[in-house]
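Protein chains: 4
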Amino acid sequence: MPALQRRLAEFAAARNWQPYHTPKNLAAALSVEAAELVEIFQWLTPEESARVMDDAGTAHRVRDEVADVLAYLLQLCEVLGVDPLDALAAKIERNEHRFPVGGARRTPGE
Amino acid sequence: MPALQRRLAEFAAARNWQPYHTPKNLAAALSVEAAELVEIFQWLTPEESARVMDDAGTAHRVRDEVADVLAYLLQLCEVLGVDPLDALAAKIERNEHRFPVGGARRTPGE
Amino acid sequence: MPALQRRLAEFAAARNWQPYHTPKNLAAALSVEAAELVEIFQWLTPEESARVMDDAGTAHRVRDEVADVLAYLLQLCEVLGVDPLDALAAKIERNEHRFPVGGARRTPGE
Amino acid sequence: MPALQRRLAEFAAARNWQPYHTPKNLAAALSVEAAELVEIFQWLTPEESARVMDDAGTAHRVRDEVADVLAYLLQLCEVLGVDPLDALAAKIERNEHRFPVGGARRTPGE
Chain V
1 MPALQRRLAE FAAARNWQPY HTPKNLAAAL SVEAAELVEI FQWLTPEESA
51 RVMDDAGTAH RVRDEVADVL AYLLQLCEVL GVDPLDALAA KIERNEHRFP
101 VGGARRTPGE
Chain G
1 MPALQRRLAE FAAARNWQPY HTPKNLAAAL SVEAAELVEI FQWLTPEESA
51 RVMDDAGTAH RVRDEVADVL AYLLQLCEVL GVDPLDALAA KIERNEHRFP
101 VGGARRTPGE
Chain Z
1 MPALQRRLAE FAAARNWQPY HTPKNLAAAL SVEAAELVEI FQWLTPEESA
51 RVMDDAGTAH RVRDEVADVL AYLLQLCEVL GVDPLDALAA KIERNEHRFP
101 VGGARRTPGE
Chain E
1 MPALQRRLAE FAAARNWQPY HTPKNLAAAL SVEAAELVEI FQWLTPEESA
51 RVMDDAGTAH RVRDEVADVL AYLLQLCEVL GVDPLDALAA KIERNEHRFP
101 VGGARRTPGE
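In the order they appear, the protein sequences are chains V, G, Z and E.
Throughout the first sequence, residue numbering follows the UniProt record's numbering, covering 1 to 110 in sequence.
Throughout the second sequence, residue numbering follows the UniProt record's numbering, covering 1 to 110 in sequence.
Throughout the third sequence, residue numbering follows the UniProt record's numbering, covering 1 to 110 in sequence.
Throughout the fourth sequence, residue numbering follows the UniProt record's numbering, covering 1 to 110 in sequence.
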């Protein structure tokens with residue numbers, strides 16, 4: 001992941017895109033890409049959504065949008081100086097306490 | 001990252017949340033968390049957005065939302081059988097061709 | 001609707017919020033409110049989502065988020081000089097041609 | 001607005017799209033369209049975003065996305081039995097109390 005983060009930074013630098021890459025803009029771009037993922041699923045039943053990788057064209061589109069979301073997340077973390085894996089590990093630990101196994105919560109948190 | 005992906009899967013399994021974790025629902029949850037990141041920045045100027053980690057409270061909130069976005073992205077990849085780092089590496093390669101250095105494109109792609 | 005649009009403009013002006021209300025910021029705020037609507041439905045089955053107004057608390061939350069989406073849409077239209085009803089009427093006409101009745105398209109457009 | 005809401009309902013009925021139009025799916029579609037609005041502004045400075053209607057092509061795109069957001073909002077309200085203008089009027093009244101003129105709040109609410 002650090003190697004990919006470096007390639008993304010070099011990619012943007014080589015094209016002089018850094019002035020556009022404010023945290024505000026990268027967060028917006030991330031949310032736009034997340035919406036493009038949602039768009040793939042928006043009219044599907046839950047069952048259809050589980051079979052989305054069976055079609056080669058849709059599978060390619062899914063991988064493409066996953067890549068875009070991850071690319072903007074890594075670029076946002078880069079400009080903010082956030083380590084995304086550290087942040088996730090810390091969050092999982094907090095969630096172990098917030099949502100204890102066997103607790104009253106029946107549906108996913110957040 | 002694979003270790004975190006496994007912890008997320010065990011976390012969901014221990015709480016019987018898998019029935020909720022259809023690709024459709026996880027994509028929606030991912031987009032909701034991306035919007036919570038956007039919310040932090042929505043009224044800030046570009047300059048203010050670049051200083052967002054200077055305030056401890058806001059920095060914590062940013063790391064928290066980054067973690068949530070990554071958590072849902074990894075869980076979505078898990079149920080779809082997508083390798084997010086592979087997908088990103090393939091996308092960067094395609095983008096090297098789509099947006100050549102010194103090309104006409106002045107603003108970021110996508 | 002024009003009366004509500006005027007009240008929203010006066011509300012923002014009385015609080016000196018206009019400098020924040022750039023088209024870019026209002027579009028971001030609109031998408032954040034749309035995500036808060038999605039959040040209400042994210043773990044529900046299609047059937048559960050159809051009964052969401054049966055619970056008074058959830059019904060209140062839905063109306064609240066609908067109001068927020070409409071408020072930011074009207075404020076965005078105000079600063080851009082766009083008439084939302086005109087825009088919608090024009091779009092419906094274009095869609096009558098793009099998606100003819102009895103056409104091949106089985107799922108909703110867009 | 002009620003006339004446009006009726007046209008949208010007839011449009012969907014004539015194409016047998018109602019089974020797709022669950023509240024959950026319509027909320028997702030609304031958020032996808034809101035993201036398409038954000039996409040127009042994502043790399044613009046605040047100043048550039050204020051001049052977005054000067055270019056005929058971009059102005060058309062803005063009106064198109066505004067129409068899509070309003071279309072899905074009205075369709076969502078239709079299937080839920082929510083009156084969007086009533087909801088907005090009620091919300092403005094609550095906000096008059098939450099954010100008093102001259103209060104401590106410097107930035108927009110929500």
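Don't be surprised by glycine CBs; every beta carbon is placed ideally from N, CA and C.
By the 16-neighbour rule on beta-carbons within 10 angstroms, ALA71/E is buried. When Cβ-Cβ separations below 7 Å define contact, THR22/V makes no contact with chain Z. Straight through space, the alpha carbons of ASP68/G and SER31/G are spaced by roughly 10 Å. The beta carbon of GLU10/G sits no closer than 7 Å to any beta carbon of chain Z. Using a CB distance cut-off of 7 Å, ASN16/G does not count as an interface residue toward chain Z. An exposed status is given to ASN16/Z, since fewer than 16 other beta-carbon atoms sit within 10 Å of its beta-carbon. Take GLU10/E, set aside five residues on each side of it, and no residue of its chain has a beta-carbon closer than 6 Å to its own. In the displayed model, GLN18/Z falls within a helix according to three-state DSSP.
Counting C-beta pairs with one atom in each stretch, the segment 30–46 of chain E and the segment 24–44 of chain V have three or more that are closer than 8 Å, which means they touch. Using a CB distance cut-off of 7 Å, PRO2/G does not count as an interface residue toward chain V.
Any Cβ of chain G closer than 7 Å to the Cβ of PRO108/E would place that residue at the interface, and such an atom is present. Counted as a single uninterrupted DSSP element, the stretch harbouring VAL101/Z is not any alpha helix (DSSP H), since DSSP gives it neither H nor E.
VAL52, MET53, VAL62, ARG63, ASP64, VAL66, ALA67, ASP68, VAL69, LEU70, ALA71, LEU73: these are the residues of the segment 51–74 of chain E whose beta carbon lies less than 7 Å from some beta carbon of chain Z, given in chain order.
In the DSSP assignment, VAL32/G falls within the unbroken alpha helix (DSSP H) covering 23–41. DSSP, reduced to helix, strand and coil, places LEU8/G within a helical segment of the structure shown. Across the set ASP83/V, ILE92/V, MET1/V, the C-alpha of ILE92/V shows the shortest separation from the C-alpha of ARG6/G. When rounded, the separation of the alpha-carbon atoms in VAL62/G and ARG98/Z is 42 Å. With a threshold of 7 Å between beta carbons, VAL79/V makes no contact with chain E. If you draw a straight line from the Cα of PRO46/G to the Cα of TRP43/E, it is about 11 Å long. For PRO23/V, the CB contacts under 8 Å within the same chain, skipping 5 residues up- and downstream, are LEU76, VAL79, LEU80 in chain order.
For a cut-off of 8 Å, the C-beta gap from LEU88/E to LEU4/Z is around 5 Å, short enough to register as a contact. Excluding residues up to 5 positions away in sequence, CYS77 lie with their Cβ nearer than 8 Å to the Cβ of ASP83/V in the same chain. In summary, GLU96/G is exposed, with fewer than 16 beta-carbon neighbours lying within 10 Å of its beta-carbon over all protein chains present.
Contact check for THR58/V against VAL66/V fails: the beta carbons are separated by 7 Å or more.
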